[in-house]
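S.K.: Count along the sequence shown starting at 1, add 977, and that's the number in this note's numbering.
Here a beta-carbon is modelled for each residue, glycine too, at the ideal position from N, C-alpha and C.
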Amino acid sequence: MPNSDQAVYVFATITPKREYIEDVGNALEELIEPTLEEPGCRVFSAFRNQADEGVFHLFEIFESEEAIQSHYAQQYTMDVFSQYEKWLAAPVSITKLSPNSGQSTEQFR
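Below you can see the structure in the form of structure tokens.
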């Protein structure tokens, strides 16, 4: 079934250097509230990996590619991205997802 939803679904994996785990966790928590207030943001949630609590995952849904690009352009987002240069052990892994069916899409409306 073709996906008629224009939303952008993102799963990101963030792997900090061990000495910056708490810095990354705190920065992600501080991003949640302002990001959720952005026009076009449906979901912005941060998680820790159960197998390795030093690895973080973000699950994000934005109404459109324009909305997510606007998020990336916000000063608070750019500030965290600039800190990532020092804090991360590996580049952020970003996977854009498409719902498998309308039933999957409806869960996030």
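1. Write down every uninterrupted run of the alpha helix (DSSP H) in the stretch 993-1032 whose length is 4 residues or greater and which is fully enclosed by it, in chain order.
2. Leaving aside the five residues before and after residue 1001 along the sequence, list all residues of the same chain whose C-beta is less than 7 angstroms from its C-beta, in chain order.
3. So residue 1042 and residue 1021 are in contact, right, with Cβ under 8 angstroms, and what is the actual spacing, rounded?
4. Between which two residues does the alpha helix (DSSP H) harbouring residue 1058 extend?
5. When DSSP labels each residue in this structure, what does residue 989 get in the three-state scheme?
6. Pull up the distance between the alpha-carbon of residue 1072 and that of residue 1023, whole angstroms please.
7. Check for me: the alpha helix (DSSP H) holding residue 1070 runs from which residue to which?
8. Between which residues of its own chain and residue 980 is the CB-CB distance below 7 angstroms, once the five residues before and five after are set aside?
9. For the alpha helix (DSSP H) holding residue 1083, just list the boundary residues, first then last.
10. Which word fits residue 1009, buried or exposed, when buried means at least 16 other C-beta atoms lie within 10 angstroms of its C-beta?
M.R.: Working from what's here:
1. 998-1013
2. Along the sequence shown, read from residue 1 onward, the residue named residue 1001 stands at position 24. 991, 993, 1033 and 1064.
3. Your numbering for residue 1042 matches position 65 in the sequence shown. Your numbering for residue 1021 matches position 44 in the sequence shown. Going by Cβ atoms, the distance from residue 1042 to residue 1021 rounds to 16 angstroms, so no, they are not a contact pair.
4. Within the sequence shown, residue 1058 is the residue found at index 81, counting from 1. That run of the alpha helix (DSSP H) goes 1052-1064.
5. On the sequence shown, residue 989 is found 12 positions in, with the first residue counted as 1. Residue 989: strand per DSSP, three-state reduction.
6. Here residue 1072 corresponds to residue number 95 of the sequence shown, with the count starting at 1. Here residue 1023 corresponds to residue number 46 of the sequence shown, with the count starting at 1. Distance between the alpha carbons of residue 1072 and residue 1023: 15 angstroms.
7. Taking the sequence shown and counting its residues from 1, the one referred to as residue 1070 is at position 93. It is not in any alpha helix (DSSP H) - residue 1070 instead sits in the beta strand (DSSP E) that spans 1070-1074.
8. As a first step, residue 980 must be located in the sequence shown, where it is residue number 3. Because residue 980 carries a pLDDT of 48, less than 50, the predicted location of this residue cannot be relied on, and no value is offered for it.
9. On the sequence shown, position 106 is the one that residue 1083 refers to. It spans 1079-1083 - the alpha helix (DSSP H) in which residue 1083 sits, taken as one unbroken run.
10. By one-based count along the sequence shown, residue 1009 stands at place 32. Classification for residue 1009: exposed.
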